[in-house]
Amino acid sequence: MAIVNKTYQPVQSLTIKAESDLPAFRFVSYNGQLCGDNQKSLGVTLGNWSNGAYSSVIVLGTAIVEASASINAGDKVASDLEGKAKVATTGSEINGRALNSASAGEYVKILLIP
57 MAIVNKTYQP
67 VQSLTIKAES
77 DLPAFRFVSY
87 NGQLCGDNQK
97 SLGVTLGNWS
107 NGAYSSVIVL
117 GTAIVEASAS
127 INAGDKVASD
137 LEGKAKVATT
147 GSEINGRALN
157 SASAGEYVKI
167 LLIP
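Start counting the sequence shown at 57; every next residue gets the next number (my numbering).
Put into structure tokens, the structure is as follows:
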């Protein structure tokens with residue numbers, strides 16, 4: 057499903073200094089970089105941010121994240137190596153719950169879990 061068919065409802069956003077280039081719709085770590093594999097996220101980028109810029113990150117509510125693999129509605133979601141969404145496995149930090157299904161390269165609406 058294309059991103060134009062997705063809506064999101066940010067309840068709270070924070071500003072963080074990007075410590076690397078941050079693409080839109082990815083999980084971001086607490087240190088301002090893309091989340092690594094199974095890493096707990098601070099939130100999700102809404103736009104593209106350059107290294108050193110101050111970026112807005114959705115930390116509470118729903119957000120749109122690019123999927124790295126198939127995800128079904130209701131799945132617990134974790135971050136992959138590029139900050140994309142994947143189905144959480146045992147030992148993964150849970151960053152949210154999928155509100156729709158998506159395939160790799162598509163966008164999934166996530167209910168963020170702080």
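Backbone N, C-alpha and C define an ideal beta-carbon position, used for all residues, glycine too.
- Only residues of its own chain outside the window of five on either side were considered, and among them Ser-112, Val-113, Ile-114 and Val-115 have a CB closer than 7 Å to the CB of Ser-69, listed in chain order.
- Within 10 angstroms of the beta-carbon of Thr-118 lie 16 or more other beta-carbons, which makes it buried.
- Within the same chain, and ignoring the five residues on either side of Ala-158 in sequence, the residues whose Cβ sits closer than 6 Å to its Cβ are Ala-123, Ile-127 and Val-164.
- As a beta-bridge residue in DSSP terms, Ser-69 pairs with Ile-114.
- The C-beta distance from Gly-139 to Val-84 rounds to 7 Å, short enough to fall under 8 Å.
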